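Chains as they are written, first to last, in the working numbering: chain W, 3 to 95; chain P, -2 to 334; chain L, 8 to 295.
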């Protein structure tokens, strides 16, 4: 499978409010509320302004978090990104 | 004073809102809600000096309409994200188009389903792309499904399973069975790009579609709102382009919808005070029926003259369907009860 | 319409029209003590009507209409006209009101601070609110609690309280019979009797109260108290709000603030006495 690239929402589009174990994200473009758990907020924060593929994202997350040993996180990240795209929070680049 | 008259007069700026007493407002608000136009009126009277309770209600309505409009435009954006990878282009229709283009009638306008127009040759692929992106069928009844596919100008409605919003995918602007067949290819090839980035019909086609939707396609339900759309868009298009009315005439002729467009213009003149150019500014005795139907609401917001309403329902079906097919359709509808 | 009346509950001014005199007379008795402002146009319209003219007399059945209608809603017999009016009023508020975030919750207040109780029907939230309202609390409402999106305050919607089934006997025993409506037996929602809130609760209906405690009651079973996290309270209140989505970011801001600033608990209780004791205990903790 090709490594699809995604683009995060533009700055100011999202309002992110941590609520204990959940994070509530309000998307000002859609007026929708999304309730997510880790690692969704971390993924969104790591995406940056440019289009970002799974390999880049995995590298960025590895730099700031201790990812689980040797396991390849890329298939998991690809799945999470596809879910975020379905909600509209990120977009296929 | 008739509430529906007062409501129309307020929109047309023929009546001083300061002259209304509380009971008048009550009727006006009830009628405006029944016509799904309370936020439209609220925007129209945004700068007027109003009783405090009315001003507060109208402020609520304006804010809520803004939220609803963002939500509606987001559906257009999600449709774009679903269809663009398949290379399918679409044209926004009706409320979402007016909002995307930032038109005057969009202020406070309620937007229901997302209506989009695609090339007839793209419709199967569009259906697949939407189904893959989370939309699903609303209708499961085989007769209705067949009816839509065989005779209507759209796919059976799809609803998004997460967002719970409907999309209507059209390939032309009138049912296939309608005796008039607009030029769908021209509608799409002459579409223009709105400020919001979405394609919308060119001004003339937009006005033609609005009139067709109101007079040739429907039973005049929501007619006051469609007529308000038609009135404000033709007014603004004509202000931007002195040749607009002439172009509209030609375009209406191309689509076979001259009669509907001219009638819409006359009704906009009669109800909302539109100024029409020569050639348009005529009298037609049958307009009286349409005016009566449009104004058939009492001070409690109820539709009055139900027989008149039913006559328009049968008439609208008559326009859409050849008689034998109409009989079969009404029979099936009746049997289902 | 043939018969009509006007009622103001909290910030909402209703006008109610009816094809029959009965429901209007019953409403006017229940709402006789509510303030009237004739100079104020109605925000919302309710219509109680007969589907066909002859159905005004022949097996009369009341259809509920208004600014907003529920398609295919079944009519009620004329003897339940008061319930039809109540359902019509609720519907207009639930679907039409935009000034506040609406929570499907009961509320009572003390010292300018509000206790908000959210739950399905049968959770006992109405009965608890009614009983607390007969004690040292101000009844704010048994069905809707309104949250001001700008300031976060709770506002009251003290309609006549809808007391159901077993609770009817319990509440009737404690109040003056003049404050009770007629018994509506065997309605689709069970037996119903309306309770007119105390005059001081009606007089104070425009006064805001600061949310201080959020409870999610469940009637039946052992007494339990479970602290609820901000996230879960947020989710449950979005489900309990009829206009959260329509308010956009204002609703989001109001709700995040509410769950962050207000301690929340899920509670179970076997009977009203235990419920009231639980409320007293949690309120004392929240107040310190």
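All C-beta atoms in this analysis are idealised placements derived from N, C-alpha and C, irrespective of residue type, glycine included.
What you are looking at is a predicted structure, and each value in this text was computed from that prediction instead of being measured.
- Residues of the stretch 49 to 67 of chain L with a C-beta atom less than 7 Å from some C-beta of chain P are 49, 50, 52, 54, listed in chain order.
- Annotated three-state conformation of residue 103 of chain L is helix, per DSSP.
- Annotation: residue 49 of chain W has no Cβ neighbours in chain L at a cutoff of 8 Å; minimum Cβ distance is about 22 Å.
- Close partners of residue 30 of chain P in chain L (Cβ separation under 7 Å): 74.
- Within the stretch 103 to 116 of chain L, 105, 106 place their CB atoms closer than 7 Å to a CB of chain P, listed in sequence order.
- In this structure the stretch 164 to 180 of chain L lies against the stretch 119 to 138 of chain L, because at least three pairs of beta carbons, one per stretch, are closer than 8 Å.
- In this structure, the beta-carbon distance from residue 151 of chain P to residue 175 of chain P does not fall below 7 Å.
- Under the DSSP definition of a beta bridge, residue 276 of chain L partners with L:226.
- Taking every protein chain shown into account, the CB of residue 59 of chain L has fewer than 16 other CB atoms within 10 angstroms, so this residue is exposed.
- Rounded to whole angstroms, the separation of the alpha carbons of residue 27 of chain P and residue 299 of chain P is 9 Å.
- A distance of 7 Å or more separates the beta carbons of residue 24 of chain P and residue 52 of chain P.
- Residue environment analysis places residue 9 of chain L among the exposed positions, since fewer than 16 neighbouring C-beta atoms fall within 10 angstroms of its C-beta.
- Nearest to residue 266 of chain P by alpha-carbon distance, out of P:287, P:78, P:247, P:132, is P:287.
- Under the rule that a run must span 4 or more residues, the alpha helix (DSSP H) segments found entirely inside the stretch 81 to 153 of chain L read 88 to 103, 132 to 141.
- If you check each beta-carbon in the stretch 210 to 236 of chain L against every beta-carbon of chain W, the ones closer than 7 Å belong to 236.
- The stretch 47 to 66 of chain W makes no contact with the stretch 81 to 101 of chain P: fewer than 3 CB pairs, one atom from each, lie closer than 8 Å.
- Its chain contains 14, 15 as the residues whose beta carbon lies nearer than 8 Å to that of residue 46 of chain P, once the 5 sequence neighbours on both sides are disregarded; these appear in chain order.
- The C-beta distance from residue 123 of chain L to residue 110 of chain L rounds to 7 Å, short enough to meet the 8 Å contact threshold.
- For the stretch 16 to 42 of chain W, the beta-carbon criterion of a distance under 9 Å to any beta-carbon of chain P is satisfied by 29, 30, 31, 32, 33, 34.
- Only residues of its own chain outside the window of five on either side were considered, and among them 107, 108, 254, 257, 258, 260, 261 have a CB closer than 8 Å to the CB of residue 156 of chain L, listed in chain order.
- Not one beta carbon of chain W lies nearer than 7 Å to the beta carbon of residue 249 of chain L.
- If you look at residue 268 of chain L, you'll find it in the alpha helix (DSSP H) that goes 256 to 268.
- Minimum Cα-Cα distance from residue 67 of chain P among the listed residues P:116, P:193, P:207 corresponds to P:193.
- It is roughly 11 Å from the alpha-carbon of residue 275 of chain L to the alpha-carbon of residue 286 of chain L.
- Counted as a single uninterrupted DSSP element, the beta strand (DSSP E) harbouring residue 34 of chain W occupies residues 34 to 38.
- Pairing residue 269 of chain L with residue 221 of chain L gives a Cβ-Cβ distance under 7 Å.
- DSSP lists L:200 as the bridge partner or partners of residue 170 of chain L.
- Taken through DSSP and simplified to helix, strand or coil, residue 162 of chain L comes out as strand.
- Rounded to whole angstroms, the separation of the alpha carbons of residue 179 of chain P and residue 228 of chain P is 22 Å.
- Residue range 76 to 89 is occupied by the alpha helix (DSSP H) that includes residue 82 of chain W.
- Chain-order list of chain L residues neighbouring residue 1 of chain P: empty, with the shortest C-beta distance near 14 Å, by a criterion of under 8 Å.
- Residue 208 of chain P is positioned such that its CB atom lies no closer than 7 Å to that of residue 250 of chain P.
- Taking the Cα positions, residue 82 of chain W is about 11 Å away from residue 75 of chain W.
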